[in-house]
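Working notes, beginning with the structure itself.
Number of protein chains: 2
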Amino acid sequence: MTSERASFRTIRDELSRRIAERVWLPGTLIPGEEALAEEFGAARATVNRALQELARAGILERKRRAGTRVALHPVREARFVIPRIRQEIEARGSEYQYRLLSAEIADAPEVICARLSLLSKSDMMHVRCLHLADRVPYQYEDRWINLRTVPDARKADFKTMGPNEWLVGHAPFSSAEFIFMAGAASADEASLLQIREGDPVFIGERITWVKGEPITLAHLVHPSSHRMVTHL
Amino acid sequence: MTSERASFRTIRDELSRRIAERVWLPGTLIPGEEALAEEFGAARATVNRALQELARAGILERKRRAGTRVALHPVREARFVIPRIRQEIEARGSEYQYRLLSAEIADAPEVICARLSLLSKSDMMHVRCLHLADRVPYQYEDRWINLRTVPDARKADFKTMGPNEWLVGHAPFSSAEFIFMAGAASADEASLLQIREGDPVFIGERITWVKGEPITLAHLVHPSSHRMVTHL
DNA sequence: TATTCATATATGTATATACATAATTAAGCT
DNA sequence: AGCTTAATTATGTATATACATATATGAATA
C-alpha cells in the first residue's frame with residue numbers, strides 16, 4: 057500500500073489511524089495477523105509487534121483463537137512522570153532551593169504504621185522539609201523512612217540533599233503507590249507555604265516498597281497554584 | 057542458570073531483580089545482548105525483548121554502540137487509568153446516578169477557546185451535569201464540545217447518558233491532555249456538591265483531540281474526599 | 001590541536017520457521 | 001441432551017539469520 061518499507065511502526069500507526077478515524081468501529085473483529093502481514097507485505101512477527109503495542113495501549117483486545125478486536129470500552133491509560141522535585145523545578149527554568157525543617161529518629165504514629173503495614177512503630181526516621189522554586193515555597197514534604205529496610209538513612213545528611221534525592225540513589229523501589237487529592241492547609245502547612253490556613257492544597261502521597269518491604273511514605277503538599285500535567 | 061525454559065519474562069524479571077537488589081548499581085554498564093543470551097541460554101532476540109521492556113519502563117537506558125546501563129536518574133513513569141465515571145463508581149460497588157443540569161449550544165468564553173486553540177467562539181455545545189455515587193454528589197462536570205469536529209453531538213441526548221459516555225462511543229480521541237489540581241469550590245459548585253463555598257476541591261481537566269482537531273474540554277470537580285490512586 | 005573520516009560494535013528491526021497455548025468448535029460417547 | 005475428547009485456529013513466544021543504524025573510537029589529515 058505505502059511505498060515505504062514495512063515496519064512495525066508504519067503498521068501500528070496505520071492501524072491506529074483506522075481506529076481513530078472509525079474505519080474500524082469499536083467491537084469490530086479486525087483481520088488476523090496473517091492477513092495483515094500479507095496486506096502490508098510484512099512478516100507475521102512484524103504485524104504481531106504492532107498489534108501487541110496497540111493492545112498494550114488498550115485500544116485493541118486480543119484473545120487466542122478468537123482474534124483481535126477494537127476495544128469496545130477502551131480502558132485507556134495515561135502516564136505521568138514520577139516527579140523528582142529538583143528536576144521538576146529546574147525544568148521550568150526556576151531556581152531550586154531546599155530547606156530542611158527537621159530530621160529525627162522517632163516512633164511513627166498509628167496511622168503511618170498502618171499505611172505501611174508495619175507492626176512496630178520504631179526504627180523510623182521522620183524528615184520534614186521545604187522545596188522552593190525561585191525562593192517561593194513550592195512543596196512541603198513530610199516523610200517517614202523505614203530504617204529496617206534502609207538502615208543507611210541513619211547516616212544520611214539531609215541538610216543539603218532532600219530525602220527523595222537521597223533515596224533515589226540509595227534505595228530504588230520495585231513497587232509504589234501514588235495518591236493524589238485536594239485538602240485544606242493546616243496552620244503549619246499554611247505558614248510554610250505562605251498561604252492562609254484552610255486554603256486549598258494539592259496533596260500527593262507516595263509509598264514505595266522493595267521486594268514487598270516498605271521503604272518510605274511521603275506526604276507532599278503543594279499550594280493550589282500547582283498543576284500536575286500529563287499527555288497521551 | 058534457572059532450570060525453567062528461557063523466556064523473555066524470566067529474563068526481564070531476573071534483570072529487574074538485579075537492579076532492584078542493587079547487584080547492578082545505577083550507572084552500571086550491563087552485559088551486552090549476546091552475553092546475556094549466552095548466560096540465559098536464550099536467543100539474542102529474546103534478551104532484546106526483555107531489555108526493551110525494561111528500557112521502556114525507564115529503569116534501563118540503551119544506546120547503540122554504547123550498550124545498556126542501569127538508569128542513573130530513573131525518569132520513571134507511572135500509569136493511571138483514564139477514569140470513566142460510571143465504571144469508576146460501579147467498580148467501588150456504588151450505585152451510579154446521573155443528572156443533567158444544562159445542555160445548550162452557546163458561544164464559548166475566551167478562556168475556553170484559548171485552551172482549545174480555537175479562533176471561533178461558535179459551534180460549541182456546553183453541557184453541565186452531575187454524577188452521583190450512592191446518591192451522594194461525586195463529580196460535577198462542566199464540558200465544552202466542539203461541534204465542528206463532532207457535529208453528531210447536536211443530536212445527542214444527554215438527558216440519560218453523560219457526555220463522556222456518549223463521546224467514548226462516538227468520538228475516539230487520538231491525543232489528550234490531563235491536568236490535575238486543587239481549588240476552592242465556587243458557590244455553584246459548592247451547592248451542587250453539597251459542600252461549603254471555598255471548601256477544597258479536586259479538579260481534573262481533560263482536553264482531547266483527533267488528528268490535531270480539538271474535540272472537547274472537560275472540567276471535572278470532586279469534593280475533597282476524592283482520591284486518585286495509582287500503582288506501579 | 002583540531003577536524004574529518006573510516007571502522008568497529010551494540011542495539012534496532014525484519015523475516016522465516018517452528019512450536020506453545022488458549023479457546024472455540026466439532027466429533028464422539030453415554 | 002449432556003458430557004468428554006479431539007481437532008482447529010489465532011495469537012504468543014522462541015530462534016537463527018540477516019541487515020540497518022547510531023555512535024564511540026581511533027586513524028588519517030589539515
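Those protein sequences? They're chains H and E, same order as listed.
Okay, so the first sequence: first residue is 57 according to our numbering, each after it adds one.
Okay, so the second sequence: first residue is 57 according to our numbering, each after it adds one.
Ideal Cβ positions, reconstructed from N, Cα and C, are used throughout, including at glycine.
Owing to the predicted nature of the structure, the values given are computational and were not obtained by experimental measurement.
* **Candidates E:I168, E:R184, E:C185, E:R100: closest to K177 of chain E by CA position** => Residue numbering aside, residue 177 of chain E sits at position 121 when the second sequence is read from its first letter. Looking at the Cα atoms, E:I168 is the closest of the given residues.
* To do: Could you tell me if A274 of chain H is buried or exposed, where buried requires 16 or more neighbouring beta carbons within 10 angstroms of its beta carbon?
  => Taking the first sequence and counting its residues from 1, one reaches residue 274 of chain H at position 218. Classification of A274 of chain H: buried, given that the 10 Å Cβ count is 16 or more.
* What does S231 of chain E touch in chain H if you count any residue whose Cβ is under 8 Å from its own? -> The residue you call residue 231 of chain E lines up with position 175 of the second sequence. Going along chain H in sequence order, the residues near S231 of chain E (Cβ under 8 Å) are H287, L288.
* Determine the contact status of I141 of chain H and P130 of chain H, defining contact as a CB-CB distance below 8 Å. => For the purposes of this step, residue 141 of chain H is taken as residue 85 along the first sequence, with counting starting at 1. For the purposes of this step, residue 130 of chain H is taken as residue 74 along the first sequence, with counting starting at 1. Cβ atoms of I141 of chain H and P130 of chain H: not closer than 8 Å.
* Hey, is the stretch 251 to 264 of chain H in contact with the stretch 201 to 216 of chain E, meaning 3+ C-beta pairs nearer than 8 Å? -> no
* Asked: How many angstroms separate the CA atom of E109 of chain H from the CA atom of A134 of chain H?
  -> Sequence index remark: in the first sequence, residue 109 of chain H carries index 53 (1-based). Sequence index remark: in the first sequence, residue 134 of chain H carries index 78 (1-based). Their Cα atoms are separated by approximately 14 Å.
* **V103 of chain H versus H:L175, H:S281, H:T124, residue with shortest Cα-Cα distance** => If you number the first sequence from 1, residue 103 of chain H lands on position 47. When each option's Cα is compared against that of V103 of chain H, the closest is H:T124.
* **C-alpha distance - S231 of chain H paired with I75 of chain E, whole-angstrom precision** => Within the first sequence, the letter at position 175 stands for residue 231 of chain H. Within the second sequence, the letter at position 19 stands for residue 75 of chain E. Spanning the two alpha carbons is a distance of roughly 13 Å.
* Measuring alpha carbon to alpha carbon, tell me which of E:R78, E:A101, E:I138 ends up nearest N220 of chain E. => Translated into positions along the second sequence, residue 220 of chain E becomes position 164. Residue E:I138 is the option with its Cα nearest to N220 of chain E.
* Asked: Using DSSP with H/G/I as helix, E/B as strand and the rest coil, what is T58 of chain E?
  -> By one-based count along the second sequence, residue 58 of chain E stands at place 2. Any reading at T58 of chain E needs caution, since the residue's pLDDT is 34, under 50, leaving its predicted position unreliable; the model's value is listed next. Reduced to three states, the DSSP call for T58 of chain E is coil.
* Beta carbon proximity, E60 of chain H to chain E, threshold 8 Å -> Position 4 of the first sequence holds residue 60 of chain H. With a pLDDT of 49 at E60 of chain H, under the threshold of 50, the modelled position of that residue is not reliable, and the figure given next carries that caveat. False, the Cβ-Cβ gap to chain E never drops below 8 Å.
* Using only alpha-carbon positions, find the residue among E:I161, E:E117, E:R65 that is nearest to G88 of chain E. => As a working note, residue 88 of chain E is residue 32 in the second sequence. That would be E:E117, whose Cα lies nearest to the Cα of G88 of chain E.
* Asked: From A122 of chain H to P256 of chain H, what does the alpha carbon distance come to, in whole angstroms?
  -> Numbered from 1 along the first sequence, position 66 holds the residue referred to as residue 122 of chain H. Numbered from 1 along the first sequence, position 200 holds the residue referred to as residue 256 of chain H. Each residue's alpha carbon lies about 50 Å from the other.
* Asked: Does the pairing of the stretch 151 to 163 of chain E with the stretch 227 to 242 of chain E give three or more beta-carbon distances under 8 Å?
  -> no
* What do you reckon, are the CB atoms on I67 of chain H and A106 of chain H nearer than 8 Å? -> Position 11 of the first sequence, counted from the first residue, corresponds to residue 67 of chain H. Position 50 of the first sequence, counted from the first residue, corresponds to residue 106 of chain H. In this structure, A106 of chain H lies closer than 8 Å to I67 of chain H by Cβ.
* From the DSSP output, read off the bridge partner residues of I263 of chain E. => Translated into the one-based positions of the second sequence, residue 263 of chain E becomes position 207. Beta-bridge pairing links I263 of chain E to E:E233, E:L273.
* Inter-residue spacing [alpha-carbon to alpha-carbon] between S59 of chain H and L223 of chain H -> Translated into positions along the first sequence, residue 59 of chain H becomes position 3. Translated into positions along the first sequence, residue 223 of chain H becomes position 167. Any reading at S59 of chain H is ruled out, since the residue's pLDDT is 35, under 50, leaving its predicted position unreliable.
* Select from E:D190, E:E146, E:D198 the residue whose C-alpha is nearest the C-alpha of A159 of chain E. => Within the second sequence, the letter at position 103 stands for residue 159 of chain E. It is E:D198.
* Pull up the CB-CB distance for P270 of chain E and I251 of chain E, whole angstroms please, since I reckon it's below 8 Å. => Walking along the second sequence from the start, residue 270 of chain E turns up at place 214. Walking along the second sequence from the start, residue 251 of chain E turns up at place 195. P270 of chain E to I251 of chain E, Cβ: 31 Å. No contact.
* Using a Cβ-Cβ cut-off of less than 8 Å, give me the residues of the stretch 235 to 250 of chain E that come near chain H, in sequence order. => I235, F236, M237, A238, G239, A240
* To do: Within 10 angstroms of the Cβ of L85 of chain E, are there 16 or more other Cβ atoms? Answer buried if so, exposed if not.
  => For the purposes of this step, residue 85 of chain E is taken as the residue at position 29 of the second sequence. By the 10 Å Cβ count, L85 of chain E comes out exposed.
* In angstroms, rounded to a whole number, what distance separates the CA positions of A212 of chain E and D190 of chain H? -> The sequence position of residue 212 of chain E within the second sequence is 156, counting from 1. The sequence position of residue 190 of chain H within the first sequence is 134, counting from 1. So the alpha carbons of these two residues sit roughly 48 Å apart.
* Asked: For the beta strand (DSSP E) that contains S158 of chain H, what are its first and last residues?
  -> In the first sequence, residue 158 of chain H corresponds to position 102, counting from 1. Taken as a continuous stretch (DSSP letters only), the beta strand (DSSP E) holding S158 of chain H covers 152 to 162.
* Asked: Apart from the five residues just before and just after R184 of chain E, which ones in its own chain have a Cβ nearer than 6 Å to its Cβ?
  -> Mapped onto the second sequence, residue 184 of chain E falls at position 128. Excluding positions up to five away in sequence, the list reads L157, S158, D198.
* Asked: What is the DSSP secondary structure of R204 of chain H, reduced to helix, strand or coil?
  -> Mapped onto the first sequence, residue 204 of chain H falls at position 148. Residue state, collapsed to three classes: coil.
* Note down, one range per segment and in chain order, each alpha helix (DSSP H) of at least 4 residues found wholly within the stretch 69 to 153 of chain E. => 89 to 96, 100 to 112, 141 to 147
* **Three-way DSSP call (helix, strand, coil) for R252 of chain E in this model** => On the second sequence, residue 252 of chain E is found 196 positions in, with the first residue counted as 1. In this structure, R252 of chain E counts as coil in the three-state DSSP scheme.
* Can you give me the Cβ contacts of L81 of chain H inside the same chain, cut-off strictly under 8 Å, excluding the 5 residues immediately before and after it? => For the purposes of this step, residue 81 of chain H is identified with residue 25 of the first sequence, where counting begins at 1. For L81 of chain H, same chain residues with a beta-carbon under 8 Å away, outside a window of 5 residues either side, are V126 in chain order.
* **chain H contact for I138 of chain E (CB, 8 Å cutoff)** => The sequence position of residue 138 of chain E within the second sequence is 82, counting from 1. So, interface residue.
* To do: Can you tell me which of the three DSSP states P165 of chain E falls into?
  => Start at 1 with the first residue of the second sequence, and residue 165 of chain E comes out as number 109. Three-state result, P165 of chain E: coil.
* Residues from the stretch 66 to 81 of chain H in contact with chain E, defined by Cβ distance under 9 Å -> Listed in chain order, the positions of the stretch 66 to 81 of chain H with a beta carbon within less than 9 Å of a beta carbon of chain E are S72, R73, I75, A76, E77, R78.
* Quick one, are the C-beta atoms of N202 of chain H and L172 of chain H less than 8 Å apart? -> If you number the first sequence from 1, residue 202 of chain H lands on position 146. If you number the first sequence from 1, residue 172 of chain H lands on position 116. Their beta carbons are under 8 Å apart, which means N202 of chain H touches L172 of chain H by this criterion.
* To do: Let me know if A147 of chain E comes out buried or exposed under the rule of 16 or more other beta-carbons within 10 Å of its beta-carbon.
  => Against the second sequence, residue 147 of chain E aligns to sequence position 91. With fewer than 16 Cβ atoms within 10 Å of its Cβ, A147 of chain E is classed as exposed.
* **Backbone secondary structure at L175 of chain H - three-state DSSP** => Translated into positions along the first sequence, residue 175 of chain H becomes position 119. The answer is coil: DSSP assigns L175 of chain H none of H, G, I, E or B.
* Cβ neighbour criterion (16 or more within 10 Å) applied to L71 of chain E -> Counting from 1 along the second sequence, the entry for residue 71 of chain E is found at position 15. L71 of chain E comes out buried.
* Asked: If we call anything under 8 Å between Cβ atoms a contact, is T286 of chain H one with F64 of chain H?
  -> Indexing the first sequence from 1 puts residue 286 of chain H at position 230. Indexing the first sequence from 1 puts residue 64 of chain H at position 8. No. Outside cutoff.
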